[in-house]
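Written out below as structure tokens is the structure these notes cover.
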């Protein structure tokens, strides 16, 4: 099993490396960073000044057919799906592709104070969460589990950064 | 297995149907969609839905018409209307017709998630109860408390007693003894376990930041607050709030905290709306609150409010029996995380670990084992892998009294603790008879850590 991280409009190298290292530590899968360019301009919505995440995933599906494994797009673009004001990420449930946005995970949007450590922790949680969906997991009731639902930033901070015992069973974790 | 709720999404825009379908599926709901009112009605008559999410403006049958029809059939059905064009008259019509609520597109994911969850919870408290009971086996416990010593067994008893009582608890103990783990154990054994435990380290935050952390703030409450944020009081609703280093609270925050504890109501910074929150409070400190009250640094009324039920965690040096079991627990933990083949601790190293006084308590032991695994080679932790001050046999950090009586008192207490206060075993080790040992215990007023 391979997991590919594809940076998309992501300038923060430390963030990318941190997510890569975390996946390397946690998963028995081979982890790769791939710099393949995914088109995203057609996902931009002028009146919202945001990017429609499902469209970006659709672009990735067309562009990355040669890659075998799970594909996680990591971006700083502000994402949305229609009917919702924003999303932190989206994944194909039991599928191959997912996307995580670090845009609204920045602490400065909430408190005005920058906190790189917190940004990294939040992004890692969301990356693990969306990958969990790729492996067929739905939201978990355990607050200590990274698969707990996190529609707001507060829930991202509260939930744990590990998979609970039940959710771990679906993931290719190191023993 | 969790009982799932069935949701029907009715919207003429495919893009909206698909995104909501996907989003609710991840939430764990059974989701179905319909592109207009007529299709929705047919599906509704055949299927069994708990909640309908209906677009107000659709070609053919409108959202309000659909609402009226389904409500006529089943008054208990939950319907939430969504519209891109909010207006007061339509909202009133919707609510009069029996809609549960009314939201405007696009809606905050946070708001929609809570709205739907609350609606479904209200619909059937009995069914909710059943779901929660079924979930008991699935929910995993936090890091377990570790230790088999008499003192730790007493703490397990206290945790189990107080967990169900829903009272305010204060956990006391030196730094690194595991106060947060005790708080988590209380939470997970209480009826609040389905809600989160929210930890806040009061000592780590400046007063203004702590205020915003606890109370939350509205959008634009201060420079940089681009989005609103819920505070820890609000997030702890239904669950437990754990305030660590409570002794560091400023006088202003003490007053604020006391007010929230009394009323269970507060407002976000920059907001006027009163918010209610039902949480259990657990606090922790490594300082003498009694001294702080005497010095005027801690309000007496707050002290009595917090000091309802106290659990004292003894320092590691008073429960040396637990050191081997804790050492092996950390060995396994770090060997797994670091993917190293370390499997055991040599007897020599273990002897030093047990003899050392551990002023930093369990946290220091954890760090020592982590370090040993990082620098060690092979499958065994050896003496040379331990930090110098432990491996050099510098076992006492006590700089106290040096009189013969003081040394005798300390040594007898150490032997008693090492033997879990087994008098016969301690007497044998001290090479005195049991009566003499009893006399010494009385003379020096020695007590177990838990009694103390």
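Residue numbers (our numbering), protein chains in the order written: chain A, 170 to 344; chain B, 26 to 477. Cβ coordinates follow ideal geometry from the N, Cα and C atoms, glycine included.
Have a look at the DSSP bridge pairing and note the partners of residue i.
i              : result
residue 314(A) : 331(A)
residue 309(B) : 196(B)
residue 199(A) : 171(A)
residue 34(B)  : 58(B) and 78(B)
residue 226(B) : 269(B)
residue 241(B) : 255(B)
residue 227(A) : Its beta-bridge partners do not exist; DSSP assigns none.
residue 128(B) : 107(B)
Does any CB atom of chain B fall closer than 8 Å to the CB of residue i?
i              : result
residue 343(A) : yes
residue 229(A) : no
residue 220(A) : no
residue 307(A) : yes
residue 281(A) : yes
residue 268(A) : no
Does any CB atom of chain A fall closer than 8 Å to the CB of residue i?
i              : result
residue 397(B) : no
residue 432(B) : no
residue 296(B) : no
residue 391(B) : no
residue 105(B) : no
residue 41(B)  : yes
residue 228(B) : no
residue 293(B) : no
residue 248(B) : yes
residue 223(B) : yes
residue 459(B) : no
I'd like to know whether the C-beta atoms of residue i and residue j end up nearer to each other than 8 Å.
i              : j              : result
residue 340(B) : residue 256(A) : no
residue 108(B) : residue 130(B) : yes
residue 325(A) : residue 296(A) : no
residue 209(B) : residue 222(B) : yes
residue 132(B) : residue 254(A) : yes
residue 103(B) : residue 127(B) : no
residue 338(B) : residue 204(B) : yes
residue 329(A) : residue 315(A) : yes
residue 283(A) : residue 250(B) : no
residue 106(B) : residue 79(B)  : yes
residue 206(B) : residue 225(B) : no
residue 90(B)  : residue 53(B)  : no
residue 299(B) : residue 227(B) : no
residue 267(A) : residue 249(A) : no
residue 66(B)  : residue 144(B) : no
residue 352(B) : residue 398(B) : no
residue 172(A) : residue 241(A) : yes
residue 259(B) : residue 310(B) : no
Below 7 Å, is the gap between the Cβ of residue i and the nearest heavy atom of the ligand NAD?
i             : result
residue 57(B) : The ligand NAD is not part of this structure, which contains no ligands at all.
Only counting the same chain, and skipping five residues up and downstream in sequence, which positions put a Cβ closer than 7 Å to that of residue i?
i              : result
residue 162(B) : Legend: pLDDT at residue 162(B) = 38, less than 50; position of this residue unreliable, value from coordinates given subsequently. None.
residue 184(A) : 271, 288, 289 and 292
residue 234(B) : none
residue 93(B)  : 122
If you count every other CB in all the chains shown that lies within 10 Å of the CB of residue i, and 16 or more means buried, which is it?
i              : result
residue 44(B)  : buried
residue 374(B) : buried
residue 110(B) : exposed
residue 35(B)  : buried
residue 333(B) : exposed
residue 329(B) : exposed
residue 340(A) : buried
residue 215(B) : buried
residue 204(A) : exposed
residue 364(B) : exposed
residue 344(B) : buried
residue 287(B) : exposed
residue 313(B) : exposed
residue 231(B) : exposed
residue 114(B) : exposed
residue 255(B) : buried
residue 85(B)  : exposed
residue 459(B) : exposed
residue 170(A) : exposed
residue 293(B) : buried
residue 252(A) : buried
residue 286(A) : exposed
Grab me the residues of residue i's own chain with a C-beta within less than 6 Å of its C-beta, minus the 5 sequence neighbours each way, in chain order.
i              : result
residue 295(B) : 242, 243 and 246
residue 469(B) : 434
Short of 8 Å in beta carbon distance, which residues of its chain neighbour residue i, apart from the five on each side in sequence? Order them along the chain.
i              : result
residue 189(A) : 174, 200 and 202
residue 263(B) : 217, 219, 220, 303 and 304
residue 87(B)  : 62 and 81
- Contacting positions in the region 275-302 of chain A - beta carbon closer than 9 Å to chain E: Given the protein chain composition of this structure (A and B), no chain E is represented.
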